[in-house]
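Take 10 as the starting number for the sequence shown in this note's numbering and just add one per residue. Structure record follows, encoded as structure tokens.
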Amino acid sequence: MKIPLSIGALALFTSCAGLVHAGLVTSDFLSVGDNLLVTDTNTSLEFLSPFYTRGHAFDDAFVQNVITTYGFAYADETTVLNMINANFGNPPLSPGDTTGFTDAQNFFNIFGINDPTTCSGAAAIPCPRTQGLTSTVSSTGTHNAEGMIQFDTVGWLIEQNPWSDSESGDLQMGSWLVRSASAGTPEPASFGLIALGLGAILGIRRRA
């Protein structure tokens, strides 16, 4: 069956662009399909998913290398909260609700789950979460973290969570790194996907 060019091109564009939610579009950072870069089309800011820096302390050597090599900087708290609220429906705060569960799931679909953990109780309750450190300081020796969590059937926004600068190894915590979308350069993986898409479009055009 011949696929109309417009439909085939749209499908190929979607696969090359990555996941899309509201004003957010994912793309590859270091390897094909990693979807670690998230561009906010409303602000032209490009976020690196906190998943990539999970388990690392604020501005440690690993994070510094990412910042220096790829032109990122720490996002402040307001920038992160504005992005989350604008694209994920103003999620509720703790103790959350069922709408917040959906908001958190949408957030995880874009930024990933840093720590798919469980919480103790009468039984192990799923409580996956993703947080990221920001440049905002609320008390000496800490930086505020923002993110999302699900707990059983509810979910909520984690905001203004002061996190010790020296704490490392906790997988729920990464860093919110950001840069101008125009500052990012396509990775080899992105070029490969684009070339593949163009080749397929030309093939469709020839068969039509």
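Built from N, CA and C at the ideal position, the CB exists for glycine as well. Note that the coordinates shown come from a computational prediction; the quantities given were computed from them, not determined experimentally.
Could you tell me whether the segment 152-171 touches the segment 89-97, where touching means 3 or more Cβ pairs closer than 8 Å? Enough Cβ pairs lie closer than 8 Å, so yes.
Alpha helix (DSSP H) runs wholly inside the segment 19-96, at least 4 long, in chain order: The segment 19-96 contains these whole alpha helix (DSSP H) runs: 70-79, 86-96.
Verify the CB distance criterion: does residue 28 have a CB-CB separation below 7 Å to chain B? Judged by its chain identifiers, the structure shown contains no chain B, having just a single protein chain.
In the structure shown, what three-state DSSP assignment does residue 222 receive? Past the boundaries of the shown model lies residue 222; the chain is included only from 10 to 217, so the question cannot be answered.
Please report the Cβ distance between residue 118 and residue 45, rounded to the nearest whole angstrom; I am assuming they are in contact, meaning their Cβ atoms lie under 8 Å. The sequence position of residue 118 within the sequence shown is 109, counting from 1. The sequence position of residue 45 within the sequence shown is 36, counting from 1. A Cβ-Cβ distance of about 14 Å is found for the pair residue 118 and residue 45, leaving them out of contact under the 8 Å criterion.
Cβ neighbour criterion (16 or more within 10 Å) applied to residue 11: Start at 1 with the first residue of the sequence shown, and residue 11 comes out as number 2. Caution applies to residue 11, whose pLDDT of 38 falls short of 50 and renders its modelled position unreliable; the model cannot decide the point.
Short check: CB of residue 174 to CB of residue 141, under 7 Å? Taking the first residue of the sequence shown as 1, we reach residue 174 at position 165. Taking the first residue of the sequence shown as 1, we reach residue 141 at position 132. Judged by beta-carbon spacing, residue 141 lies beyond the 7 Å limit of residue 174, meaning their Cβ atoms are not closer than that value.
Please report the distance separating the alpha-carbon of residue 115 from that of residue 101. Walking along the sequence shown from the start, residue 115 turns up at place 106. Walking along the sequence shown from the start, residue 101 turns up at place 92. Rounded to whole angstroms, residue 115 to residue 101 spans 14 Å at the Cα level.
Our contact map puts residue 143 next to residue 84 with C-beta atoms below 8 Å; I'd like the distance itself, whole angstroms only. On the sequence shown, position 134 is the one that residue 143 refers to. On the sequence shown, position 75 is the one that residue 84 refers to. Taking the Cβ atoms as the reference, residue 143 lies roughly 6 Å from residue 84, within the contact range of under 8 Å.
Report the residue from 57, 121, 50, 39 whose alpha carbon sits nearest the alpha carbon of residue 185. Position 176 of the sequence shown, counting from 1, holds the residue named residue 185. Checking every option, the nearest Cα to that of residue 185 belongs to 57.
Residue 140: first and last residue of the uninterrupted beta strand (DSSP E) it sits in: For the purposes of this step, residue 140 is identified with residue 131 of the sequence shown, where counting begins at 1. Residue 140 -> beta strand (DSSP E) spans 138-142.
Helix, strand or coil, according to DSSP, for residue 103 in the structure here? As a working mapping, residue 103 is identified with position 94 in the sequence shown. Here residue 103 sits in coil by DSSP.
Beta-carbon separation (whole angstroms), residue 98 vs residue 112, contact threshold 8 Å: For the purposes of this step, residue 98 is identified with residue 89 of the sequence shown, where counting begins at 1. For the purposes of this step, residue 112 is identified with residue 103 of the sequence shown, where counting begins at 1. Contact check for residue 98 and residue 112: beta-carbon distance about 5 Å, within the 8 Å limit, so the pair qualifies.
Residues of its chain near residue 138, where Cβ-Cβ distance is below 8 Å and the 5 sequence neighbours each way are ignored: As a first step, residue 138 must be located in the sequence shown, where it is residue number 129. For residue 138, where only same-chain residues beyond five positions count, the Cβ hits under 8 Å are 122, 123, 124, 126, 156, 157, 158, 159, 167, 181.
Consult DSSP for residue 132 and reduce its assignment to one of helix, strand or coil. Sequence index remark: in the sequence shown, residue 132 carries index 123 (1-based). Secondary structure at residue 132: coil, using DSSP grouped into helix, strand and coil.
Is DSSP giving residue 167 helix, strand or coil here? For the purposes of this step, residue 167 is taken as residue 158 along the sequence shown, with counting starting at 1. Reduced to three states, the DSSP call for residue 167 is strand.
Our contact map puts residue 188 next to residue 71 with C-beta atoms below 8 Å; I'd like the distance itself, whole angstroms only. Here residue 188 refers to the residue found at position 179 of the sequence shown. Here residue 71 refers to the residue found at position 62 of the sequence shown. Actually they are not in contact, since the Cβ atoms of residue 188 and residue 71 sit about 17 Å apart, beyond 8 Å.
Tell me which same chain residues have a C-beta within less than 6 Å of the C-beta of residue 62, skipping the five on either side of it? In the sequence shown, the residue the question calls residue 62 occupies position 53. When the five nearest sequence neighbours on each side are left out, the beta carbons in the same chain lying within less than 6 Å of the beta carbon of residue 62 are those of 72, 183, 184, in order along the chain.
Using the Cα positions of residue 107 and residue 52, report the straight-line distance between them to the nearest angstrom. To locate residue 107, count along the sequence shown from 1; it is residue 98. To locate residue 52, count along the sequence shown from 1; it is residue 43. Taking the Cα positions, residue 107 is about 29 Å away from residue 52.
Any idea what DSSP makes of residue 8, helix, strand or coil? In the structure displayed, the chain extends from 10 to 217; residue 8 sits before or after that span and is not available.
For a test of the three-state rule: what should DSSP assign to residue 238, helix, strand or coil? The first residue shown for the chain is 10 and the last is 217, placing residue 238 beyond what the model contains.
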